[in-house]
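Asks: One structure, pasted below without further comment.
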Amino acid sequence: YGKWGDRMLDDIQEGAKSLMDKGKVDPNQVCIMGGSYGGYATAHSLVRHNNFYSCGVVIVGFFDAQHLKDKSDIEDVFFGVGYMDKAIGDDPDKLKAMSPIYHIDRIKAPMLLLHGEEDVRTPFEGAVEFVAALEEAGKTKFEYKWYPKEGHGNVNIDNRMDEWNRIASFLGPNLSRQDR
Numbered sequence: 009y010g011k012w013g014d015r016m017l018d019d020i021q022e023g024a025k026s027l028m029d030k031g032k033v034d035p036n037q038v039c040i041m042g043g044s045y046g047g048y049a050t051a052h053s054l055v056r057h058n059n060f061y062s063c064g065v066v067i068v069g070f071f072d073a074q075h076l077k078d079k080s081d082i083e084d085v086f087f088g089v090g091y092m093d094k095a096i097g098d099d100p101d102k103l104k105a106m107s108p109i110y111h112i113d114r115i116k117a118p119m120l121l122l123h124g125e126e127d128v129r130t131p132f133e134g135a136v137e138f139v140a141a142l143e144e145a146g147k148t149k150f151e152y153k154w155y156p157k158e159g160h161g162n163v164n165i166d167n168r169m170d171e172w173n174r175i176a177s178f179l180g181p182n183l184s185r186q187d188r
């Protein structure tokens with residue numbers, strides 16, 4: 009609790025760094041990828057550790073912590089009651105600090121964003137706003153795909169296949185990065 013925008017992301021990066029130090033991972037080929045919280049962690053890791061990752065794949069992520077608290081269905085489900093206040097708190101400055109949409113200028117690595125248009129867990133409108141902010145900031149190293157009639161993860165097999173094919177196509181040219 010209270011570590012979403014910092015310590016949890018540092019743990020991910022430190023784990024990858026440990027594997028690099030042991031010679032198990034090529035330091036020039038580290039991509040971060042995740043869905044839901046993992047999608048958020050991917051986007052914000054590209055902010056927080058912007059010289060570390062070669063690329064990022066964000067699947068149904070969120071980009072503004074306050075927006076997630078205000079618009080998500082998390083509080084509507086039994087296990088989610090009170091969860092967001094415990095997990096991320098309600099300090100507006102901290103919520104802004106942990107929200108990648110407010111730090112787009114720090115993102116350097118290419119990014120692929122995949123999101124269902126009917127997602128209410130990590131609301132789709134947040135992904136649309138993030139892409140608009142990337143475009144407004146002049147970022148060009150990103151791709152995105154919205155999936156109609158899909159929610160918090162693709163269920164339709166054709167969409168699942170498209171998603172994984174897009175990921176494979178994205179990783180090929182973006183995985184290796186020499187400019188860190």
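Residues 9 to 188 (the numbering used here) are what the sequence shown spells out, left to right.
Ideal Cβ positions, reconstructed from N, Cα and C, are used throughout, including at glycine.
Classify glycine 146: buried if its beta carbon has 16 or more other beta carbons within 10 angstroms, exposed otherwise.
Replies: For the purposes of this step, residue 146 is identified with residue 138 of the sequence shown, where counting begins at 1. Per the 10 Å Cβ criterion, exposed.
Asks: Which full runs of the alpha helix (DSSP H) of 4+ residues lie inside the region 23-95, going along the chain?
Replies: Here the runs fully enclosed are 45-56, 73-79.
Asks: Do arginine 15 and tryptophan 80 come within 8 Å of each other at the CB atom, strictly closer than that value?
Replies: Counting from 1 along the sequence shown, the entry for residue 80 is found at position 72. Counting from 1 along the sequence shown, the entry for residue 15 is found at position 7. Strictly speaking, residue 80 in this sequence is serine, with tryptophan absent from that position. Taking 8 Å as the Cβ cut-off, serine 80 and arginine 15 do not qualify as a contacting pair.
Asks: For leucine 122, which residues does DSSP report across the bridge?
Replies: As a position in the sequence shown, residue 122 is number 114, starting the count at 1. The partner list for leucine 122 (beta bridge, DSSP) reads Ile67, Lys153.
Asks: Assess, as a yes-or-no matter, whether the region 34-41 is touched by the region 101-116 under the definition of 3 or more beta carbon pairs within less than 8 Å.
Replies: Taking 8 Å as the limit for Cβ pairs, the verdict is that the region 34-41 does not touch the region 101-116.
Asks: Alpha carbon to alpha carbon, how far is isoleucine 115 from asparagine 59?
Replies: Residue numbering aside, residue 115 sits at position 107 when the sequence shown is read from its first letter. Residue numbering aside, residue 59 sits at position 51 when the sequence shown is read from its first letter. Near 9 Å, if we compare the C-alpha coordinates of asparagine 59 and isoleucine 115.
Asks: In this structure, how does DSSP classify glycine 13 when only helix, strand and coil are distinguished?
Replies: In the sequence shown, counting from the first residue as 1, residue 13 sits at position 5. In the structure shown, glycine 13 sits in coil (DSSP, three-state: anything other than H, G, I, E or B).
Asks: Taking DSSP as the reference, what is the three-state secondary structure of arginine 168?
Replies: As a first step, residue 168 is located in the sequence shown; it is residue number 160 there, counting from the start. In the structure shown, arginine 168 sits in a helix (DSSP, three-state: H, G or I).
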